[in-house]
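These notes are about the structure you will find just below.
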Amino acid sequence: MPEAAAHVLSGKVREVYALDEERLLLVASDRISTFDVVHPTEIPDKGRVLTGLSAFWFARTREILPNHLLALRPDGRSMECRRLEMLPLECIVRGYLAGSGWKDYLRTGSVCGIELPPGLRESERLPEPLFTPATKAQEGHDENIDWERATALVGAERYAQVERASLALYRFAAAYAAERGIIIADTKFEFGLDRTGRVVLADEALTPDSSRFWPAEGYAPGGPQPSFDKQYVRDYCEALGWDKAPPGPELPEDVVAGTRARYVEAFERLTGILFEDYLAHPKVVLR
Ligand code: PZK
1 MPEAAAHVLS GKVREVYALD EERLLLVASD RISTFDVVHP TEIPDKGRVL
51 TGLSAFWFAR TREILPNHLL ALRPDGRSME CRRLEMLPLE CIVRGYLAGS
101 GWKDYLRTGS VCGIELPPGL RESERLPEPL FTPATKAQEG HDENIDWERA
151 TALVGAERYA QVERASLALY RFAAAYAAER GIIIADTKFE FGLDRTGRVV
201 LADEALTPDS SRFWPAEGYA PGGPQPSFDK QYVRDYCEAL GWDKAPPGPE
251 LPEDVVAGTR ARYVEAFERL TGILFEDYLA HPKVVLR
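Residue numbers for the sequence shown follow this note's numbering, beginning at 1 and rising by one.
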């Protein structure tokens, strides 16, 4: 636990502490959620996998855009971050048609006011990645919004800036992951402004919790794809017949072990670093 740091925010599976005026501590727990509900059973080391992956991407994308990472703590699950003025926009990039993007397309033929060709199938790769911003909902689900609504929130110039940055980050990471057998179907970025007004990449980035990771092997558009990391938990929950209302069910040992192995596999495939090396020396991801 962080010493002498005030707890300022709780996410479903993460906590934010204030270190001082300039710095925050982001701590990733081992909690897991499916269907937006947190389970009472933890996945050992999940928080370390997510923090390690975020730090890895921050190190490799720093020439595309500066980011908020100041230091990776020796526990492997905590990041000291520069405190920013956050932009009130979820910056989503979609390379494939899934989730709310697929739902919106079925209903309207468009996503965030961007018209798409007819006849696309669920999970199909898009002709070009789309920047599809959403509002930050305090409660419930983020809402996809069009250019008019997004620019009303951040201004047209800022919008153009985060759109360009988001697409560049996604293209870089998706190409990198594809070479390692992982499809990043979509991902969510959050940006903030530093004291000089520069746009800075914040939050976690390009993790399985902020993205849809699919195994490239067996990719088959025309239906939903298995999740790289959470599929054992989802399958177990579906078989249980859980109504997806809180509280989430406890998870059996084999589901926990299988899920932990998938998180570790995503980490090792993407970083090329053995997870045990990360646990021993978290800073290996920054090299
Ligand atoms: C910030 N969040 C979302 C993340 C949560 C909630 N660098 C920053 N400066 C100021 N604020 C934030 C950040 C970042 N990142 C991020 N809310 C505020 C969030 C993790 C857990 F509960």
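Idealized CB from N, CA, C, for every residue including glycine.
- Query: Helix, strand or coil for Thr132 per DSSP?
  - Reply: As a first step, residue 132 is located in the sequence shown; it is residue number 132 there, counting from the start. Thr132: coil per DSSP, three-state reduction.
- Where does Pro208 land, buried or exposed, given buried means 16+ other C-beta within 10 angstroms? For the purposes of this step, residue 208 is taken as the residue at position 208 of the sequence shown. When all chains shown are included, Pro208 counts as buried.
- Could you check where the alpha helix (DSSP H) with Lys46 kicks off and where it finishes? Reading the sequence shown from its first residue, position 46 is the one you call residue 46. Start and end: Lys46 to Arg60.
- Task: Give the range of the beta strand (DSSP E) segment to which Arg287 is assigned.
- Result: Counting from 1 along the sequence shown, the entry for residue 287 is found at position 287. Careful: Arg287 lies outside any beta strand (DSSP E) and carries neither H nor E.
- Bridge partners - Gly192, DSSP secondary structure assignment: Translated into the one-based positions of the sequence shown, residue 192 becomes position 192. DSSP, once it has assigned bridges, lists Met86 and Val200 as partnering Gly192.
- Item | Option in Ala177, His281 and Arg77 with minimal Cα separation from Arg269 | Counting from 1 along the sequence shown, the entry for residue 269 is found at position 269. Arg269 has its Cα closest to that of Ala177, out of Ala177, His281 and Arg77.
- Report buried or exposed for Gly95, applying the criterion of at least 16 other Cβ atoms within 10 angstroms of its Cβ. As a first step, residue 95 is located in the sequence shown; it is residue number 95 there, counting from the start. With 16 or more other Cβ atoms within 10 Å, it is buried.
- For Gly101, does the three-state DSSP call read helix, strand or coil? What you label residue 101 is simply residue 101 of the sequence shown in a count that begins at 1. If DSSP states are grouped into helix, strand and coil, Gly101 belongs with the helices.
- Task: Below 7 Å CB to CB, which residues in the same chain sit around Leu70 once its five sequence neighbours on both sides are set aside?
- Result: Within the sequence shown, numbered from 1, the residue matching residue 70 stands at position 70. Excluding sequence neighbours, Leu70 sits near Arg23, Glu80, Cys81 and Arg82.
- Message: Considering only heavy atoms of ligand 1, does any lie closer than 8 Å to the CB of Glu85?
- Response: Here residue 85 refers to the residue found at position 85 of the sequence shown. Yes, since a heavy atom of ligand 1 falls inside the 8 Å radius drawn around the Cβ of Glu85.
- Message: Does the distance between the C-beta of Asp36 and the nearest non-hydrogen atom of ligand 1 fall short of 8 Å?
- Response: Within the sequence shown, residue 36 is the residue found at index 36, counting from 1. No, since every heavy atom of ligand 1 falls outside the 8 Å radius drawn around the Cβ of Asp36.
- Apart from the five residues just before and just after Pro249, which ones in its own chain have a Cβ nearer than 7 Å to its Cβ? Counting from one through the sequence shown, the residue named residue 249 turns up at place 249. Only His39, Cys237, Leu240 and Trp242 meet the Cβ criterion.
- Would the beta-carbon of Leu126 be found less than 8 Å away from any heavy atom of ligand 1? Taking the first residue of the sequence shown as 1, we reach residue 126 at position 126. No.
- Specify, as a first and last residue, the run of the beta strand (DSSP E) that Phe213 falls within. Walking along the sequence shown from the start, residue 213 turns up at place 213. Here the beta strand (DSSP E) through Phe213 covers Ser211 to Pro215.
- Bridge partners of Leu9, per DSSP? By one-based count along the sequence shown, residue 9 stands at place 9. Val16.
- Can the beta-carbon of Thr41 be found closer than 9 Å to that of Ala173? On the sequence shown, residue 41 is found 41 positions in, with the first residue counted as 1. On the sequence shown, residue 173 is found 173 positions in, with the first residue counted as 1. Cβ atoms of Thr41 and Ala173: not closer than 9 Å.
- Mind checking which residues open and close the alpha helix (DSSP H) that includes Cys237? The residue you call residue 237 lines up with position 237 of the sequence shown. Taken as a continuous stretch (DSSP letters only), the alpha helix (DSSP H) holding Cys237 covers Gln231 to Leu240.
- Limits of the beta strand (DSSP E) - the one that Leu24 falls within: Along the sequence shown, read from residue 1 onward, the residue named residue 24 stands at position 24. That run of the beta strand (DSSP E) goes Arg23 to Ala28.
- Item | From Phe131, Ile145 and Leu130, residue whose alpha carbon lies closest to that of Ala137 | Counting from 1 along the sequence shown, the entry for residue 137 is found at position 137. The shortest Cα separation from Ala137 among Phe131, Ile145 and Leu130 belongs to Ile145.
- Going by beta carbon distance, what residues of the same chain come within less than 8 Å of Ala220, once the five residues before and after it are set aside? Counted from its first residue, the sequence shown places residue 220 at position 220. Excluding residues within five positions, the ones whose Cβ falls inside 8 Å are Ser123.
- Bridge partners - Arg94, DSSP secondary structure assignment: For the purposes of this step, residue 94 is taken as residue 94 along the sequence shown, with counting starting at 1. Leu130 and Asp186.
- Query: Tell me which same chain residues have a C-beta within less than 6 Å of the C-beta of Glu253, skipping the five on either side of it?
  - Reply: Taking the first residue of the sequence shown as 1, we reach residue 253 at position 253. For Glu253, where only same-chain residues beyond five positions count, there are no Cβ hits under 6 Å.
- What does DSSP give as the partner residues of Ala177 in its beta bridges? Indexing the sequence shown from 1 puts residue 177 at position 177. DSSP output for Ala177 lists no bridge partner at all.
- State the Cα-Cα distance for the pair Glu15 and Asp203, rounded to the nearest angstrom. Residue mapping note: residue 15 aligns to position 15 of the sequence shown, counting from 1. Residue mapping note: residue 203 aligns to position 203 of the sequence shown, counting from 1. Each residue's Cα considered, the two are about 11 Å apart.
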